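Numbering (my numbering), first residue to last: 84 to 633. Notes follow the structure.
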């Protein structure tokens with residue numbers, strides 16, 4: 084039910100209410116008319132009048148009863164409708180709460196609120212010191228920005244929350260949450276209070292919107308990852324970066340479609356070369372952030388519409404640029420009427436970066452990506468995939484930077500790993516496998532799913548070769564459209580429930596990479612059925628259940 088229909092129901096009277104009011108008016112009219120008439124035909128006019136009045140009074144009393152019932156029903160309907168209206172309006176509402184010692188985390192909370200509002204969300208910002216249990220119980224989605232002071236201590240402002248809320252018995256099974264924990268790894272109990280809040284929310288039954296993000300001494304990469312999650316949460320991927328990005332220069336070496344004939348959108352394998360060799364450094368599981376550009380045709384159309392010469396020189400942070408280059412990397416929603424070229428350059432907002440999992444390891448000498456081309460509802464290409472898969476020509480310069488993704492790195496020991504993914508999520512899993520195999524660590528189990536094995540088995544030849552040589556101990560595949568019954572990775576997972584429990588008992592670390600819609604929730608539910616909620620929470624708390632989903 085949409086808001087306008089709900090509001091119209093609140094304003095409109097019920098049918099029974101209309102009938103009741105009509106009955107009252109009819110009763111009054113009969114009383115007046117019958118008193119002056121001889122409707123019953125008795126010889127005595129007085130008797131006629133008294134009988135007529137009695138009849139009219141009976142009609143009046145019946146109408147009163149009808150009106151009372153109508154009012155009661157209408158009040159109940161209004162209460163139910165208001166509740167529905169309130170529930171519907173709370174769908175996009177996000178509670179943002181923070182605990183800060185120096186004020187920095189509070190500033191990040193305000194930026195978080197601004198980003199969510201820019202994406203169309205309704206946001207309520209409450210310091211942790213003012214947050215009450217009732218507010219948590221009423222919220223559907225919440226974000227927490229939690230700093231740690233000293234050796235794992237809570238900021239002073241959070242003391243009351245710890246005493247009054249965290250030590251109470253709350254059920255928060257209805258709550259979905261995300262948490263940004265800020266700390267300094269030089270302290271032994273790094274992010275101690277943030278982790279304590281995270282564990283408390285899990286014990287209360289709250290469900291993660293995404294894995295907790297930890298920020299080491301203001302690490303810009305972790306904060307950009309938080310911004311990425313805000314974009315997912317608000318449904319707006321074009322939120323501007325909080326800070327001007329500092330990219331490195333890369334060259335697009337190669338690009339090719341790898342799934343011709345697929346029922347899905349085209350997938351591309353791309354290779355990037357660092358123009359600065361010192362930048363060719365990352366670990367399996369890391370992410371590359373690409374600074375996209377607009378299509379050349381769109382840039383020229385914007386310049387023409389504003390009657391501007393793209394070769395005009397402007398300055399950005401003291402360095403000369405052509406206006407065309409600035410427009411190419413900027414959002415094209417600026418109305419430049421009445422502005423000179425330098426004012427335009429100052430007012431243009433840089434396009435937000437796009438995150439992609441890295442599919443290769445540095446030893447291969449190139450940074451490889453696996454991207455699915457994405458189109459908007461109007462048919463135009465997405466910002467990042469449009470730039471990388473069509474607008475940038477092979478040999479073109481690409482601005483990008485590597486962001487470490489500590490939570491998705493491979494273990495430093497021989498612990499077994501269970502890798503679960505679908506679609507282009509195989510990119511990060513392939514890098515993890517490549518790294519482990521290069522270090523002769525073969526206790527690897529891969530569960531991968533896509534549409535058709537003939538078109539959509541990305542890195543299939545390499546993966547089958549690893550399985551044949553023993554570099555992968557177990558391989559389970561789920562190609563949903565290879566048979567009449569749709570089979571997905573979570574189905575393969577549940578079919579091997581005993582083996583999953585055995586691997587976990589042996590210390591296996593679980594990695595999940597792929598689509599946030601469909602696959603990741605399905606895998607999470609399957610793991611909860613196989614291992615139980617408590618054990619899965621314990622695995623997450625000890626970094627043995629790791630997810631990189633988008």
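Quick reminder that beta carbons are idealized off the backbone N, C-alpha and C, glycines included. All values reported here derive from a predicted model rather than from experimental measurement.
(request) Kindly list the residues whose CB is nearer than 6 Å to the CB of residue 620, restricted to its own chain and excluding five residues on each side of it in sequence; keep chain order. (result) Apart from the 5 residues on each side of it in sequence, residue 620 sits with its Cβ closer than 6 Å to the Cβ of 285 in its chain, given in chain order.
(request) Can you say whether residue 468 is buried or exposed, counting buried as having 16 or more other CB atoms within 10 angstroms of its CB? (result) For residue 468, the number of other beta carbons within 10 angstroms of its own is at least 16, and it is reported as buried.
(message) Quick check on DSSP: helix, strand or coil for residue 232?
(response) In the structure shown, the three-state DSSP call for residue 232 is strand.
(message) Rounded to whole angstroms, what is the Cα-Cα separation between residue 204 and residue 522?
(response) For residue 204 and residue 522, the distance between alpha carbons rounds to 46 Å.
(message) Here's the rule: buried if 16 or more other CB atoms are within 10 angstroms of the residue's CB, otherwise exposed. What is residue 402?
(response) Sixteen is the threshold: since fewer than 16 other Cβ atoms of the shown chains lie within 10 Å of the Cβ of residue 402, the residue is exposed.
(request) Indicate the three-state DSSP secondary structure (helix, strand or coil) for residue 435 in the structure shown. (result) Coil, per DSSP.
(request) Measure the beta-carbon distance from residue 268 to residue 243 and round it to whole angstroms, keeping in mind my assumption that it falls under 8 Å. (result) Not a contact, Cβ separation roughly 28 Å.
(message) So, with DSSP's three-state summary, where would you put residue 290?
(response) Strand at residue 290.
(message) Tell me the residue span of the alpha helix (DSSP H) that contains residue 385.
(response) Secondary structure note for residue 385: its alpha helix (DSSP H) is the uninterrupted segment 379 to 388.
(request) Hey, could you find the ends of the beta strand (DSSP E) residue 353 is sitting in? (result) Boundaries of the beta strand (DSSP E) harbouring residue 353: 350 to 357, taken from the DSSP string.
(request) Determine, using beta carbons only, whether residue 557 and residue 593 come nearer to each other than 8 Å. (result) Taking a C-beta distance under 8 Å as the contact criterion, residue 557 and residue 593 do not qualify as a contact pair.
(message) Residues in the same chain with beta-carbon distance under 8 Å from residue 340, minus the five sequence neighbours each way, listed in chain order, please.
(response) Here the set comprises 349, 350 and 351.
(message) Which same chain residues end up closer than 7 Å to residue 282 when comparing Cβ atoms and leaving out the 5 residues on each side of it in sequence?
(response) Excluding sequence positions up to five before and after residue 282, its CB lies within less than 7 Å of the CB of 624, all in the same chain and listed in chain order.
(request) Alpha carbon to alpha carbon, how far is residue 456 from residue 407? Give it in angstroms, no decimals. (result) Our two residues, residue 407 and residue 456, have alpha carbons roughly 26 Å apart in a direct line.
(message) How far does the alpha helix (DSSP H) with residue 604 in it extend, from its first residue to its last?
(response) For residue 604, the uninterrupted alpha helix (DSSP H) run begins and ends at 602 to 614, by DSSP.
(message) Going by DSSP in three states, residue 405 sits in which element: helix, strand or coil?
(response) Strand, per DSSP.
(message) Using the Cβ count rule (16 or more neighbours within 10 Å means buried), how would you classify residue 544?
(response) Exposed is the call here.
(request) Return the CA-CA distance between residue 217 and residue 250, expressed in angstroms with no decimal places. (result) Here the alpha carbons of residue 250 and residue 217 stand approximately 14 Å from one another.
(message) Report the CB separation of residue 261 from residue 291 in whole angstroms; it is logged as a contact under 8 Å.
(response) Going by Cβ atoms, the distance from residue 261 to residue 291 rounds to 7 Å, so yes, they are a contact pair.
(message) Assuming the contact rule is C-beta atoms closer than 8 Å, residue 371 and residue 441 should be a hit. Round their C-beta distance to whole Å, please.
(response) Cβ-Cβ separation between residue 371 and residue 441: approximately 6 Å, consistent with a contact (criterion under 8 Å).
(message) In chain order, what are the residue ranges of uninterrupted alpha helix (DSSP H) at least 4 long that sit wholly in the segment 455 to 495?
(response) Segments of the alpha helix (DSSP H) lying fully in the segment 455 to 495: 466 to 469.
(message) Please report the distance separating the alpha-carbon of residue 314 from that of residue 176.
(response) Rounded to the nearest angstrom, the two C-alpha atoms are 15 Å apart.
(request) Starting from the C-beta of residue 632, find all residues in its chain whose C-beta is less than 8 Å away, skip the five residues before and the five after it, and write them out in chain order. (result) Answer for residue 632: 293, 508, 595, 596, 597, 598, 599, 602 and 603, listed in chain order.
(message) Give me the residue from 549, 532, 589 and 481 with the minimum Cα distance to residue 606.
(response) Nearest of 549, 532, 589 and 481 to residue 606, Cα basis: 532.
(message) By the three-class DSSP mapping on this structure, what secondary structure does residue 567 have?
(response) Residue 567: coil per DSSP, three-state reduction.
(request) Would you check if the segment 512 to 528 and the segment 464 to 484 touch, i.e. whether three or more CB-CB distances between them fall below 8 Å? (result) Result no; under three Cβ-Cβ pairs closer than 8 Å.
(message) When you compare the CB positions of residue 209 and residue 185, do they come within less than 8 Å of one another, or not?
(response) Contact flag unset, no.
(request) For the alpha helix (DSSP H) holding residue 304, just list the boundary residues, first then last. (result) Start and end: 303 to 317.
(message) Which residues does DSSP list as the beta-bridge partners of residue 595?
(response) Residue 595 is bridged by DSSP to 503 and 630.
(request) Closer than 6 Å by C-beta to residue 198: which residues in its own chain qualify, once you throw out the five before and the five after it? Chain order, please. (result) Answer for residue 198: 313 and 322, listed in chain order.
(message) Let me check one thing: in DSSP terms, what residues is residue 398 bridge-paired to?
(response) According to DSSP, residue 398 bridges with 403.
(request) Grab me the residues of residue 224's own chain with a C-beta within less than 6 Å of its C-beta, minus the 5 sequence neighbours each way, in chain order. (result) Sequence-distant partners of residue 224 (beyond 5 residues in either direction) whose C-beta falls short of 6 Å from its own C-beta, in its chain, are 177 and 259.
(message) In whole angstroms, give me the CA-to-CA distance for residue 500 and residue 520.
(response) One C-alpha to the other measures close to 12 Å.
(request) Could you tell me the distance, in whole angstroms, from the CA atom of residue 377 to the CA atom of residue 383? (result) Taking the straight line joining both Cα atoms gives about 10 Å.
(message) Tell me which residues share the same chain as residue 173 and place their Cβ nearer than 7 Å to its Cβ, disregarding the 5 neighbours each side in the sequence.
(response) Because residue 173 sits at a pLDDT of 44, beneath the cut-off of 50, its placement in the model cannot be relied upon, and the following sentence gives the value as read from the coordinates. Result list for residue 173: 223, in chain order.
(message) Taking the alpha-carbon of residue 274 as reference, which of 238, 437, 579 and 254 has the nearest alpha-carbon?
(response) When each option's Cα is compared against that of residue 274, the closest is 238.
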